[in-house]
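Residue numbers (the numbering used here), protein chains in the order written: chain A, 1 to 345; chain B, 346 to 763. We put the CB at the ideal spot given by N, CA and C, even for glycine. Here is the structure we will look at, set down as structure tokens.
Okay, here's the thing in structure tokens:
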């Protein structure tokens, strides 16, 4: 389970930064975006907000699919930010065959496309479906589970910004506890979203025993690309869950998107791992562990966690419980054990 | 070739002759035998080059068909009742995207109260979704309409529903002239999509459209239906040339020459209506009927022409728009334009209640003498509903309506004797 993936053997450290040392890599392993031949599957001029994690994640993910398939791909998009900001009629940012049908049916539409390609003997054209967390973990969940269960030849990518951002920041089943949204305001005894709710879709995907499941982050785009490429080496149903910070919904600075995404990973709050056929095969190790508060305090949706009470004391119960969730992830996904975080490498 | 077949099996064979490339299956009574039949033909290798996909819901069934059609495959599915409502969002979407999917509806009531038997409420709920809706009068026509539906859908790039009465047709064994594969091949050319998801020529389908263009896009959906008004009779003519029998078209007039009273209905009830008309004609009544095959597009001009000499119209409707009345009757009134004649509505056959020749005879006779109310419910048990209305008035917690009525109408219950 803990075997480091090959792409991690070269450490992208440069003093004081996490700058990716692309030139240090073998040509075949160099990042897709650094290539002049990158596809620009989603091209510039779209209407995403400044600092949008989803636009970034989608561009890297789809360009990786384009490289892996030599441009032979079709994308199905659920309703949501990504769909809206890329296709304001009569413009489109997509340089690939792309279809948007509904909010909750992208996995099923993708199944249909894959079936059509198979029956026409065009298996070489690969199908991906994508949506936000609402389209994936909530309204599209039935269709997604069906696509997984049938092991249809589709890669589904969820861009998780932990809420319904397109409709004005409402809670989804991917919203973390305590987060303030428009439907979980920071009021009352339990401000924000409550504990004990939500679902972990990567684990649910694994429970379908599909060939490949991975989590990824826009904080580590090279890793994201590698996971997408790896996903394309399998046939059957595959799932990648990418955490994409949303400055608008999270109340964070537009230039903090990558930093926040990194804190989520480095605190253990968002574990990065891979699984094949229901078994975890690798997890990305935390390099410099940070307390979860470092991640939370960059976002206004968690501001109430840091407010002092009338007695001048911070009520740390919420923070403590979130830290415990991160600690549990670190133990469960074995996020610390290759020694880097302890400075022994 | 003549065969004695269950309606569903006959439709399954007809669909298979149309060489669908993707078929999505989800069970719902009374449609289930159709997708079972197609599935068996795929499994046995009779229907080749077809992906048969067992999906997890009707919403997925039509969504898979949407994806398949957008990728250039001939796609088919079937549903009924709650299933059609569950896929409602995708029904509108398929039409909006202009995807030529063919779907059978095994017409069935919609709950609550849950009811598996025949009426037309399901199809009526989607009458304005942008799909073409064809209603079969009998199983031969159900078979023939499917073959025509693929051609119509693909020529217009517009989805088509073939509606056949649940149980009355889907489960009835009748003599069917089953077409030969060569005949169907001669009639139905291979699917040439107007839009297809293909890396060779990538484009975006399903973009966000704002107020600047939405009206124009919707107008074009209406225009497609108007084109269908022309195409449906044309395709029926070609069908007649190839298969040697008349099927489909906009309307089936029956003994309407010099008819003063014209009965209008959709689907299988037209069989009973014709029998009653024959009897009344024998007794000298000037009565005929119009079976509407194409409900969407609604053939306003053809109906107006067929009713030119009529003095009154009786619409037998297998669906109810609560608070409104009959939806077919509304459309018929529109077709009449300035012509001021009575249009009587009889809501009949809801949830599978038999529409008997005796009851129809009474209605038509009363109509011919203009002694009918504008709207009535055929064979309604007025005592039962009045009892329930009175009870609900008297008791705040009067309980669930359906169960109360059932109890009252049960022959074993004392309340039945009221």
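Taking the Cβ atom as the reference point for each residue, do residue i and residue j lie within a distance shorter than 7 Å?
i                      : j                      : result
residue 99 of chain A  : residue 128 of chain A : no
residue 143 of chain A : residue 107 of chain A : yes
residue 435 of chain B : residue 367 of chain B : no
residue 660 of chain B : residue 671 of chain B : yes
residue 755 of chain B : residue 515 of chain B : no
residue 669 of chain B : residue 636 of chain B : no
residue 580 of chain B : residue 493 of chain B : yes
residue 509 of chain B : residue 487 of chain B : yes
residue 743 of chain B : residue 723 of chain B : no
residue 484 of chain B : residue 519 of chain B : yes
residue 379 of chain B : residue 426 of chain B : no
residue 444 of chain B : residue 398 of chain B : no
residue 74 of chain A  : residue 542 of chain B : yes
residue 193 of chain A : residue 177 of chain A : yes
Taking the C-alpha atoms as reference points, what is the distance between residue i and residue j?
i                      : j                      : result
residue 502 of chain B : residue 437 of chain B : 14 Å
residue 217 of chain A : residue 242 of chain A : 5 Å
residue 376 of chain B : residue 453 of chain B : 9 Å
residue 460 of chain B : residue 141 of chain A : 29 Å
residue 199 of chain A : residue 134 of chain A : 12 Å
residue 775 of chain B : residue 196 of chain A : The question about residue 775 of chain B has no answer, for chain B in this structure spans 346 to 763.
residue 369 of chain B : residue 349 of chain B : 27 Å
residue 230 of chain A : residue 190 of chain A : 42 Å
residue 346 of chain A : residue 55 of chain A  : Look at the range of chain A in this structure, 1 to 345, and you will see that residue 346 of chain A is not part of it.
residue 215 of chain A : residue 181 of chain A : 24 Å
residue 121 of chain A : residue 365 of chain B : 15 Å
residue 363 of chain B : residue 237 of chain A : 30 Å
residue 430 of chain B : residue 424 of chain B : 10 Å
residue 793 of chain B : residue 620 of chain B : Residue numbering for chain B in the displayed model covers 346 to 763; residue 793 of chain B lies beyond these limits and cannot be assessed.
residue 307 of chain A : residue 165 of chain A : 25 Å
residue 751 of chain B : residue 609 of chain B : 31 Å
residue 253 of chain A : residue 261 of chain A : 12 Å
residue 689 of chain B : residue 676 of chain B : 13 Å
residue 259 of chain A : residue 321 of chain A : 23 Å
residue 309 of chain A : residue 315 of chain A : 7 Å
Within 7 Å (strictly less), CB to CB, does residue i reach chain B?
i                      : result
residue 267 of chain A : no
residue 22 of chain A  : no
residue 277 of chain A : no
residue 251 of chain A : no
residue 6 of chain A   : Model confidence at residue 6 of chain A stands at a pLDDT of 48, short of 50, so the residue's coordinates are unreliable; what they give is reported in the following sentence. Not an interface residue.
residue 105 of chain A : yes
residue 158 of chain A : no
residue 96 of chain A  : yes
residue 71 of chain A  : yes
residue 143 of chain A : yes
residue 101 of chain A : yes
residue 112 of chain A : yes
residue 181 of chain A : no
residue 61 of chain A  : no
residue 84 of chain A  : yes
residue 74 of chain A  : yes
residue 217 of chain A : no
residue 257 of chain A : no
residue 212 of chain A : no
Counting only C-beta atoms, is residue i closer than 7 Å to chain A at any point?
i                      : result
residue 396 of chain B : yes
residue 542 of chain B : yes
residue 550 of chain B : yes
residue 412 of chain B : yes
residue 409 of chain B : yes
residue 488 of chain B : no
residue 367 of chain B : yes
residue 553 of chain B : yes
* Asked: Where are the alpha helix (DSSP H) runs, 4 residues long or more, that stay fully inside the stretch 554-619 of chain B, in chain order?
  -> Runs found: 559-588.
* Can you list the beta strand (DSSP E) stretches of 3 or more residues lying completely in the stretch 381-464 of chain B, in chain order? -> Listed in chain order, they are 396-399, 420-424, 447-452.
* Unbroken alpha helix (DSSP H) runs of length 4 or more, entirely within the stretch 291-333 of chain A: which are they? -> Listed in chain order, they are 292-296, 317-332.
* Asked: Which runs of the alpha helix (DSSP H) fall wholly inside the stretch 506-546 of chain B and span at least 4 residues, in chain order?
  -> Here the runs fully enclosed are 526-532.
* Does the pairing of the stretch 258-266 of chain A with the stretch 277-296 of chain A give three or more beta-carbon distances under 8 Å? -> Short answer: they touch.
* Is the stretch 168-176 of chain A touching the stretch 282-289 of chain A in the sense that three or more CB pairs, one from each, lie closer than 8 Å? -> Result no; under three Cβ-Cβ pairs closer than 8 Å.
* To do: May I ask you to verify whether the stretch 243-256 of chain A touches the stretch 84-104 of chain A, counting CB pairs closer than 8 Å and requiring at least 3?
  => The stretch 243-256 of chain A vs the stretch 84-104 of chain A: no contact.
* Does the stretch 528-543 of chain B come close enough to the stretch 55-66 of chain A to have 3 or more Cβ pairs within less than 8 Å? -> With the cut-off at 8 Å, the stretch 528-543 of chain B and the stretch 55-66 of chain A do not touch.
* For the stretch 653-739 of chain B, which segments carrying the alpha helix (DSSP H) assignment without a break, of at least 4 residues, lie completely within its bounds, in sequence order? -> The qualifying runs are 672-681, 702-713, 727-739.
* the stretch 145-156 of chain A contacting the stretch 570-590 of chain B, beta-carbon criterion three pairs below 8 Å -> At 8 Å Cβ cutoff, the stretches do not touch.
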